[in-house]
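Chains as they are written, first to last, in the working numbering: chain A, 8 to 342; chain B, 281 to 434. Glycine residues also receive a C-beta, built at the ideal position from the N, C-alpha and C atoms. One structure is given here, and the rest of the page talks about it.
Right, here's the structure in full:
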């Protein structure tokens, strides 16, 4: 039996009200959208905020709009289930629909939101446990201590980022809007992630993520997200790869910026494979070209023993999944 | 401080004073005494606490009760049309031996109800994916899938 800790609940009706509650309570408050992740952390006493500010009554935060010129805009509180059922997403961004479908179970997707999945806290075997379980070891960096149970002697936290919608949205060049009492700022989705296991995203305590926008799909481009997990449903990724390619006359397009490969769940943030565009642009979409990127990707990550799958296995699977993702993206671009 | 909420459960509206940290599941079981909704893992993994919220299957252990005002909630107690007539899904579960210990059954049946409401003729694969958020520790999945298939043609 796991009881929730006590808190005061606020359900603002507008973005402005949300911002003023955040500036009033600051660090003492947490935002709750779907709550499918936060409520578990609270039951495990990983998070015990004095105030919970709910985003579920904020007007307009669950809207999805598509415009041919400006692209897709999604409110941060749109549920993953509505994403998978939204006509413009099914039609123009099928890979995003598929990635959203790979999160959790039917029940989770009916409540969990896109903003929540992007702002998912980093995870670790030694962190995501009950307070009772954690009592048997000294506290780790992420629980306010000074040790790491994963990498002995480490001064930093290696908790893993596992959100499945982030890599595909990064591959598509998404931007996110952060709102606060002082206004709003728009940053690229890649900039949202700090790479710090303790504080994985750049949302300040007085800010909230309000909108995610994606440019219109470029002609000849295709994207895909491949997820590796123990069971085919429900589980968090033990590794994932998102890829975007651009095809032209049966070969990869000549502009390097038409390509992006993003690795997931191998570090504290999604990792973009550097130079993927240069390695792929203008090549025939065959094994040799894919292999080069796959090996660079493998060399760029160092999975740790903090989630399912041994680090050796996950690292070996990096090139395999990179090639799968690129092949799938190329097929999507050609269809 | 307790908040006054009105919860619509199985077609009946209940005016309740609840603490904001109470989950929908705790309120259903402990305030409304509807114990058909089970508490399994309490962390969103097992699906035993599944209820319908506006027709969608959700995990009542991961929802705050204060958030569920104005929604129509259906628990396993609200599924049968009357006291002496089971819902076709319940009937099929009984007839196909899809119940062993019974602990996962309310959650599985409600998940199946939401599935059949949105997709009246799912394939076997769609059923398997559809109920993947519900764990049966007796591992009676084959019979469960048979029962759902029987209910869809009933």
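Residue 283 of chain B has B/298 as its beta-bridge partners, per DSSP. Interface with chain B (9 Å Cβ-Cβ cutoff): residue 117 of chain A is included. Excluding residues up to 5 positions away in sequence, 427, 430 lie with their Cβ nearer than 8 Å to the Cβ of residue 375 of chain B in the same chain. About 5 Å separates the Cβ atoms of residue 329 of chain B and residue 340 of chain B, confirming a contact at the 8 Å cut-off.
Among the CB atoms of chain A, one or more fall inside 9 Å of the CB of residue 283 of chain B.
Within the same chain, and ignoring the five residues on either side of residue 176 of chain A in sequence, the residues whose Cβ sits closer than 6 Å to its Cβ are 196.
One thing to note: residue 298 of chain B has its Cβ no nearer than 9 Å to the Cβ of residue 353 of chain B. The beta carbon of residue 248 of chain A sits closer than 8 Å to those of 174, 232, 233, 268, 269, 270, 271, 304, 325, 328, 329, 331, 332, all from its chain and outside the five residues before and after it, given in chain order.
Interface flag for residue 12 of chain A against chain B is set, since a Cβ pair is found closer than 9 Å.
Judged by their CB atoms, residue 222 of chain A and residue 275 of chain A are not nearer to each other than the 9 Å cut-off.
In the three-state DSSP reduction, residue 191 of chain A falls in the strand class (E or B). Ranked by Cα distance from residue 56 of chain A, the options A/63, A/134, A/46, A/135 are led by A/46. Of all alpha-carbon atoms in A/115, A/10, A/334, A/18, the one lying nearest the alpha-carbon of residue 337 of chain B is that of A/115.
Neighbourhood of residue 339 of chain B in chain A, by CB distance below 9 Å: 43, 112, 114, 115, 117, 118, in chain order. If you draw a 10 Å sphere on the C-beta of residue 433 of chain B, you find fewer than 16 other C-beta atoms in it, and that means exposed. The stretch 105-124 of chain A and the stretch 83-92 of chain A touch, with three or more beta-carbon pairs separated by less than 8 Å. In the structure shown, residue 421 of chain B falls within a helical segment according to DSSP collapsed to helix, strand and coil. For the pair residue 132 of chain A and residue 78 of chain A, the Cα-to-Cα distance works out to about 39 Å. Identification of residues in the stretch 227-254 of chain A having a C-beta nearer than 7 Å to some C-beta of chain B yields 240, 241, given in sequence order. Secondary structure of residue 379 of chain B (DSSP, three-state): coil. Counting C-beta pairs with one atom in each stretch, the stretch 375-385 of chain B and the stretch 393-409 of chain B have fewer than three that are closer than 8 Å, which means they do not touch. Scanning chain A for C-beta atoms nearer than 8 Å to the C-beta of residue 300 of chain B yields 14, 15, 16, 59, reported in chain order. Every beta strand (DSSP E) of 3 residues or more that sits fully in the stretch 258-289 of chain A is shown, in chain order, as 267-271. Under the DSSP assignment, residue 220 of chain A falls in the beta strand (DSSP E) whose first and last residues are 215-221.
Taking a cut-off of 8 Å on C-beta distances, the stretch 118-127 of chain A does not touch the stretch 151-167 of chain A, as fewer than three cross pairs fall below it. Exclusion of the five residues before and after residue 349 of chain B leaves 285, 286, 287 as the residues of its chain whose Cβ lies within less than 8 Å of its Cβ.
Under the criterion of beta carbons closer than 8 Å, residue 170 of chain A and residue 343 of chain B do not qualify as touching, at roughly 21 Å.
Of the residues assessed, residue 218 of chain A falls on the buried side of the cut-off, its CB having 16 or more other CB atoms within 10 angstroms. The alpha-carbon of residue 345 of chain B is positioned some 6 Å away from that of residue 302 of chain B.
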